[in-house]
Structure formats: C-alpha cells, structure tokens
Amino acid sequence: LKPRPFCCGCCGSKVPFWACCTGYCFVVYMIIGVAIFFIQHYLFFPGWMLSDNAPIRLPENVEVFEFKATRSDGKLLSGIVENATQVGLRVVSFGGNAMEMYGTAEMCSRRFVPAFWKLAPKKFRDCPCPVSAGCSNKVCGTSCYATSYRGYPPNYGWTSSRTVTADLLDLVDNALQDAPGGRVLVMAWSLGTAASLQLAAANPDRIAGMLLLAPFASVGVETRAAIKNMAGMLGLAAVFPWLWIFYLDPWDSVAAMRSLPTDIPVAVASPSMDELIPPWQHRAVFAASQSTCRAFLEVPHAGHASIDKMLQAVTDPMLRTLDHAASSCSTGEWAEAVVNRTRMAPRSLASLRMPGLYCAAAVLLLLCL
C-alpha cells in the first residue's frame, strides 16, 4: 500500500500529509506549553490555595485600609499597617509565595523591625523622631506596611510582575502620603525579594534601603533549578522545548538589582542549606548590586524558611559569615546608611525642572534682544 499524499478525510481539502502532521504536532506542542505555563504560574503563586485568614479581632495598633490601584486597573486593594514601638521609620514588607498580608505584617513588626533597630546606632533610637522626612505628628514609631499580591486574598486577580509592581508603587504612595519626599525601608523574604526589587527598580527615589532574605535570580532560572533538583537533567531535557515559557514573566531580580542607584544600601542574607533557592542565586543577585554600601551574609545551618535564624545572623556576628571580599560595609554601617538615606528627601520634580526653566527663560530673553 502506498502512503496517502493527502489527508483529505480530516481536513476537507487536499492538504499535503506532511503539513497535516506538522499542524497536529504544533497543536499538541502548544497544548502542552499552555499546561506548563499554568502549572508553573500556580506553583509560584498559589494564592488560590489560601483563604482570607483575617483575624476575628485585630490588635489596637493594626489597621486594615484600602488603597486604589491607580497605576493598573483602578481597583480598590486592601493593605495593612502596624505601628511598632520603635523610633519613626516606614517599613514596607514583602512575604513569600504562601503568605498573605496579615502574616507579612506580623513578620515585619515581630521579626524585621526589632532586628533592624538592634543594628541602628543608639543616637537614632530616641524621640523626637530623627527621620524628619518620614515622620508624622501622630506617632513617633516604626510603621509596618504590607499588602497581599494580586491573586492572594483579599486582593483577587492575576499575579504578574507588571501588576504587582504597580500595586506596590501605590502602596508606597499610601505609606508616604503624609510624608512628602519620604523614603521607606524594604524588607523581604523569598518571592518578596523579587517583588521588592521590581518596586525599587521602578522608583528608586522612594527606597531608603533593602534587606533581602534568600532572593532568587529570576522565575525562569529558579524554575530550571527546581526541575533539575527534583527530576535531574533528564527532567530538564524533557521540558527543554518549552523552556521559553519560563521567561514570559521573568521577575528578573538580577537585572532589577543592577539598575539600582549606588546610594541605596543593600544587605542580602544567604541560608547555606536553602533547599528551594540554591545559594548561588543569592550570590548572583548580590553580585549585581553596585551599591557603595552592601553586605552579604552567609548563614550556616539555615534553610529557606529559617527567617528567625537569618535575622539573628543579621544582628549577631557569631551566627554568620560576612563575605568581606564582596561586602563593602558591615550590617551596622548598612543600618546607619539606611537611616541617613531616609533623612535625605529626594529631589522634587519641581526642583528638577528649575534648571530647564532658567535655560528657557534665558533663551527667550536673548531672542527678544
């Protein structure tokens, strides 16, 4: 029997058999690709698995508020602020991919803030609040701000780097609405480090400093590392034709870090036994920093979820190894640089326009003469 040159029965016309086979293969390839895309997305952003774990009764110093997503779709989003008992500073905190805003705010006030003020020089811990650009007349304390990513309760929608970055810019605007020219300290863990770096790259003038715990290089790099860790090179080879899908929404932390100005202090804590994000990714993110004050802390015997151990290592030199070759400052110097940068208000748009206005006026005057 001779092979049929055409596939008339299924196509309804005389289409070459090789073209039919190519079309079928392409359809199957795309179906598998779509499945891989959604599997990767919902593994990285499992907000659909979380419930709205709002406490029945919030503490007196905790407030849930709404802010408008002016930079994206205009929806009303929920945020949370908690005022700690330390000296005035606005902290924006970002949690991991299995955390909503209530857990993130608690992590900020109970873990991040006490660790930071242990590092800060004593002269910055006394009222009246020394951070003039970031203080209000209401309270001289540290405020922790957080929100849930899109797709995480109570903020529903599609999680993407573009949408999340826009939402976080609006959150920072809300945090600094009564402090024009102020800056926030960013503290983040795991997925939150990628979100915080996208925020800092989008508006570095609003960032006083960054503390990143276990950051990853990008979604694509981390996906490949996870597949290799679970299924070896054979698993990576099996999905090789679809690798491009992993980079559709890259969340590129290395590129974002590289774009930051040199005057933003950066500290990175790297747990040596991180089972989810290999430590070489922590170092790759840190190596991209061009900051004049940066500190890389290797935390021995710590896993990915060892947040307390990482923060203890930030404050206790006995529990960490400071990479002196890569670091340009100690953690104490990093904390002091953060406070100093918070006190320096960024130049306003009006001040940036003034030289141009003077030049235009001079040109008009010459033309009139």
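Heads up: the sequence shown is residues 71 to 439, going by the working numbering. For glycine and all other residues, C-beta sits at the position ideal for the given N, C-alpha and C. The structure displayed is predicted, hence computed values, not measured ones.
In the structure shown, L147 falls within a strand segment according to DSSP collapsed to helix, strand and coil.
Each of E292, M257, G290, L239 was checked against the Cα of R276, and the nearest Cα belongs to L239.
Inter-residue distance for T140 and A301 is about 43 Å (C-alpha atoms, whole angstroms).
In this structure I334 is in contact with S361, their Cβ atoms being roughly 6 Å apart against a cut-off of 8 Å. Judged by DSSP in its simplified three-state form, C399 adopts coil rather than helix or strand. Residue range 254 to 259 is occupied by the beta strand (DSSP E) that includes M257. One alpha carbon belongs to S121, the other to P223, and they sit about 6 Å apart. Contact between V254 and V161 holds: CB atoms are separated by about 7 Å, below the 8 Å threshold. Residue range 212 to 217 is occupied by the beta strand (DSSP E) that includes C214. DSSP places M300 in the uninterrupted alpha helix (DSSP H) bounded by 289 to 308.
Nearest neighbour of A372 by Cα position, chosen from S266, C91, C214, P348, turns out to be P348.
About 6 Å separates the Cβ atoms of L267 and M327, confirming a contact at the 8 Å cut-off. Between A185 and E152, the beta carbon gap of about 16 Å keeps them out of contact (Cβ cut-off 8 Å).
Ranked by Cα distance from A383, the first of L147, L367, F107 is L367. Judged by pairs of C-beta atoms under 8 Å, the region 312 to 319 touches the region 281 to 298, as three or more such pairs exist. In the same chain as G173, and ignoring 5 residues on each side of it, the C-beta atoms closer than 7 Å to its own belong to G165, in chain order. For L281, the enclosing beta strand (DSSP E) starts and ends at 277 to 283. Just measuring C-alpha positions, the residue of A236, F108, L269, V183 sitting nearest L147 is A236. Straight across, the Cα-Cα distance linking F286 with M280 is about 15 Å.
For N225, the number of other beta carbons within 10 angstroms of its own is at least 16, and it is reported as buried.
By the Cβ-count criterion, D322 is buried, with 16 or more other Cβ atoms from all chains shown falling within 10 Å of its own Cβ.
Scanning F108, V409, L346, R364 for the CA closest to the CA of V338 turns up R364. T229 sits close to Y219, with the two beta carbons spaced by under 8 Å. Nearest to A354 by C-alpha distance, out of S288, G103, A245, H374, is S288. For V183, there is no enclosing beta strand (DSSP E); the residue is part of the alpha helix (DSSP H) that begins and ends at 183 to 189.
When DSSP states are grouped into helix, strand and coil, S340 belongs to the strand group.
A check of alpha carbon separations from V336 across A278, A264, L318 identifies A278 as the nearest.
When the alpha-carbon of R232 is set against those of M257, A249, N244, A271, the nearest one is in A271. Burial is judged here by how many other beta carbons sit within 10 angstroms of a residue's own beta carbon; E130 has fewer than 16 and is exposed. Looking at the DSSP output, N225 sits in a beta bridge with Y222. Taking the C-beta atoms as reference points, T385 is found nearer than 8 Å to L189. The alpha carbon of A407 has as its nearest neighbour, out of L346, E345, M169, T332, the alpha carbon of T332. Of the residues G290, F135, T263, the one whose Cα lies closest to the Cα of A284 is T263.
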